[in-house]
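Read the structure below first, then the notes.
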Amino acid sequence: MVLLSLPTTQSAQTPVIDYHQHLFSPAAAALATGNPNSPGISARNLVALLDSAGIRRALVLSVAYTWGKASRAPVENEYEHVKAENDWTAQQVAQYPDRLRAFCSFNPLKPYALEELARCSKDRQLHYGLKLHFGNSDVDLDNPNDVAQVRKVFKAANGYHMPIVVHLHTSIDNQRRYGADEARVFLNELLAAAPDVQVQIAHLAGAGGYDNATDSALSVFTDAIAQHDSRMKSVWFDTTGVVRPDMSPNELQRIAARIRQIGVKRVLYGSDAPASPLMYPKAGWAAFQRLPLTKAELRGIANNITPYIRDFAVR
13 MVLLSLPTTQ SAQTPVIDYH QHLFSPAAAA LATGNPNSPG ISARNLVALL
63 DSAGIRRALV LSVAYTWGKA SRAPVENEYE HVKAENDWTA QQVAQYPDRL
113 RAFCSFNPLK PYALEELARC SKDRQLHYGL KLHFGNSDVD LDNPNDVAQV
163 RKVFKAANGY HMPIVVHLHT SIDNQRRYGA DEARVFLNEL LAAAPDVQVQ
213 IAHLAGAGGY DNATDSALSV FTDAIAQHDS RMKSVWFDTT GVVRPDMSPN
263 ELQRIAARIR QIGVKRVLYG SDAPASPLMY PKAGWAAFQR LPLTKAELRG
313 IANNITPYIR DFAVR
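What follows is the structure in structure tokens.
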């Protein structure tokens, strides 16, 4: 893929942490791409890209959940693959203990979800936190049974003192409803079940890019912040993949306005799996700087360090 030239101010320092990264084992890469010869994305690959961007550290979110993707035919021995992917991710980040930190993952609707969470909570590399992907796992926030099951996972993670990163946007493949109503379910039912841990909502509550559904969902959280809702006290938002090359000035302005409503101190930089040059950490930061934010605001976002990574970041 050809790297597009993105206009940018290049005025702010590079971020101290990339808060949304993924590694792919060769097996997971083959599953996701359909290419049996895919080499995957290793920790060595990622660290080289971080070096190129001038970013020192990254939060690596395991993609073990992809083995339980709801819109794909079931995989034989699925749970064994989930464990293997989490363990492979742990082994990879262990090679760079001063650069990478891992969160485990799984589909929270699967029968093994609580078992895998308990296992991760005891692992030296994976006990730091949990990544959930509602879209990939087809968590339907309009389905009370799904919400009840995910609530159990949130409550258990809270008990293990494991922060949660969540891709909140529901399944696009299965055309699930998504917007303000679904965000309110998350606020009322799920955040309330994990009051003692930090929660990072990925992609500014979207799925990459920024559309009306995402803005509608995000408005629920900006309203709650404005009202000093206690459930938002430990919630952050990453901006991974939000800024696209073809966005108009009006679209960029709308995103910047929402970031100001959230508060710069709650906003984190992330660039996602480096599957193409446009998604590399350096290109992602250049794209993000297209937003009409001040130098001070960009600098603030670049310097944000959350409690769940502070001990790692100050080494």
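So that you can map any letter, position 263 of the sequence shown is 275 in this note's numbering, and since no number is skipped, the others follow by simple counting. All C-beta atoms in this analysis are idealised placements derived from N, C-alpha and C, irrespective of residue type, glycine included.
Less than 8 Å between C-beta atoms, sequence neighbours within five positions excluded: which residues of the same chain meet that for residue i?
i	result
Asp323	none
Ile53	His34, Leu35, Phe36, Ala41, Ala285, Pro286, Ala287
Just to confirm, is the Cβ distance from residue i to residue j under 8 Å?
i	j	result
Gly220	Thr182	no
Tyr31	Tyr320	no
Val87	Phe36	no
Pro120	Gln161	yes
Ala217	Phe249	yes
Phe198	Leu153	yes
Val177	Lys143	yes
Tyr190	Ala236	no
Trp79	Leu129	no
Just to confirm my understanding: we take residue i, look at its own chain, exclude 5 residues before and 5 after, and list those with CB closer than 6 Å. What are they?
i	result
Asn47	none
His145	Tyr77, His179
Arg270	Leu230
Leu203	Arg243
Val59	Tyr108, Arg111
Ser246	Gln210
What separation, rounded to the nearest whole angstrom, lies between the Cα atoms of residue i and residue j?
i	j	result
Pro293	Val254	13 Å
Ala325	Ile67	11 Å
Ser83	Asp185	7 Å
Asp223	Val232	15 Å
Gln273	Ile267	10 Å
Gln107	Ala238	42 Å
Leu61	Ala55	10 Å
Lys307	His215	22 Å
Ser228	Ala192	5 Å
Arg131	Asn89	17 Å
Val105	Arg136	11 Å
Ala168	Met244	19 Å
Asn315	Pro38	33 Å
Ser242	Ile29	27 Å
Val159	Glu92	25 Å
Leu112	Pro123	30 Å
Thr318	Ser64	23 Å
Pro27	Tyr281	7 Å
Val9	Ala195	This structure cannot settle anything about residue 9, because the visible part of the chain is limited to 13 through 327.
Asp99	Arg278	30 Å
Ala295	Ala205	37 Å
Cys116	Glu263	34 Å
Asn57	Asn200	40 Å
Phe416	Trp297	No answer is possible for residue 416: the residues shown for the chain start at 13 and end at 327.
His240	Ala85	44 Å
Ile213	Glu97	23 Å
Asn157	Ser260	40 Å
Asn69	Ser283	Checking the displayed sequence, the identity of residue 69 turns out to be Arg instead of Asn. Going from the Cα of Arg69 to the Cα of Ser283 covers about 12 Å.
Thr251	Thr45	25 Å
Spatial neighbours of residue i within its chain, please: C-beta separation below 7 Å, excluding the five flanking residues on both sides.
i	result
Val276	Glu309, Gly312, Ile313
Lys164	Leu126
Thr101	Leu35, Val72, Ser74, Ala114
Ser133	His139, Tyr172, Met174
Lys81	Asn148
Ser50	Pro38, Ala41, Ala42
Thr234	Arg270, Gln273, Ile274
Gln265	Pro304
Gln103	none
For the segment 269-326, list the alpha helix (DSSP H) runs that are entirely contained and at least 4 residues long, ordered along the chain.
The segment 269-326 contains these whole alpha helix (DSSP H) runs: 293-300, 307-315, 322-325.
Alpha helix (DSSP H) segments (min. 4 residues) lying fully within the segment 151-227
Positions of the alpha helix (DSSP H) runs, each at least 4 residues long and wholly inside the segment 151-227, are given as 156-171, 192-197 in order along the chain.
Does the segment 202-213 come within contact of the segment 166-175, defined as at least 3 CB pairs closer than 8 Å?
The answer is yes - the segment 166-175 touches the segment 202-213, with three or more Cβ pairs under 8 Å.
Taking the runs of the beta strand (DSSP E) that are 3 residues or longer, which of them lie wholly in the segment 65-110?
At a cut-off of 3 residues, the continuous stretches assigned as beta strand (DSSP E) that sit fully inside the segment 65-110 are 69-73.
Ignoring anything shorter than 3 residues or poking outside the segment 120-150, list the beta strand (DSSP E) runs there in chain order.
Listed in chain order, they are 142-145.
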